[in-house]
Structures are given as structure tokens and as C-alpha cells.
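Residue numbers (full-length UniProt numbering): 1 to 141. Each remark here refers to the structure printed beneath this line.
Here it is as C-alpha cells:
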């Protein structure tokens, strides 16, 4: 099981795909103390909001090919990207959870860097670094 820093336990889920016997949960429906646990998950870190399908489709393909859950930690997931996550959860059975990155401003950037170090991943959309979600590779997750 992936051991992450305590700060991940303090994050409030923005949205998450729950087991089939549960319904799709939104931020207002998630109650304090609920948790979502994945074994050996891919972790996608983004410093920017994810709203287009094109930005996450390759990450979903990689995750589905490896049959691993996907944890997305970013500023926000909305629009057609969120719809795509829900659709993939319901039709393909992809295990996925989207979590709003903790903190604000420089604090958020630093916490994302800490999570990247702990998980061995890369941060997409970070200023000064030319990593695009469309070019994601399995070693970036």
C-alpha cells in the first residue's frame, strides 16, 4: 500500500468514484471521516485546473491499461473532464478519485511538490516546467 504524508489525510475530496454499490459523490455529499483507499494507485498531480477531456484521456488510457486506480490531485476537476471520469467509472469500472490540492498559493505549490516527492510522480502545469498532461507517461504517475 502506498504510504503518503499526513497532509493527504487532511484533504477534502472534491469528487470521487465510489464502489459500485454506492452512488457518485460530490463535495457536498462527502461527510467528514469518509475515506477512499486504493492499493498501488497511479497519482496524477496538476498545478492547474483540469476541465478538458483531451488533457486527461492519455492518463486514463495508461491507468486502464495497467488496471490500477487513479488518484488525481489538482486545483479542480470540472466540466467535460469530470463527466469523462464519471463515465469511465460507470462503464469501464475505472477506480478514480479526484482531490482538491491542499492549501493556497505558494503553500499549495509546496505541498504538491511534497506529494510528488513522496509518490515519485511529476507535477503537470507547474510554472517554469514544460510538462503537459497530454504528454504523460506511466513513470510520471
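Backbone N, C-alpha and C fix where the C-beta goes; we use that ideal spot for every residue, glycine too.
Range covered by the alpha helix (DSSP H) that runs through residue 109: Segment 105-119, the alpha helix (DSSP H) holding residue 109.
Assigned exposure category for residue 123 - 16 Cβ within 10 Å defines buried: buried
Segment contact flag, the segment 45-62 with the segment 77-88, C-beta cutoff 8 angstroms, min 3 pairs: yes
Every unbroken beta strand (DSSP E) inside the segment 42-106 [3 residues or more]: 42-46, 70-74, 96-100
Strand pairing of residue 38, partner residues [DSSP]: Per DSSP, none; premise fails for residue 38.
C-alpha gap between residue 70 and residue 89, whole angstroms: 11 angstroms
Cβ neighbours of residue 113 in the same chain (closer than 8 angstroms, five flanking residues each side left out): 123
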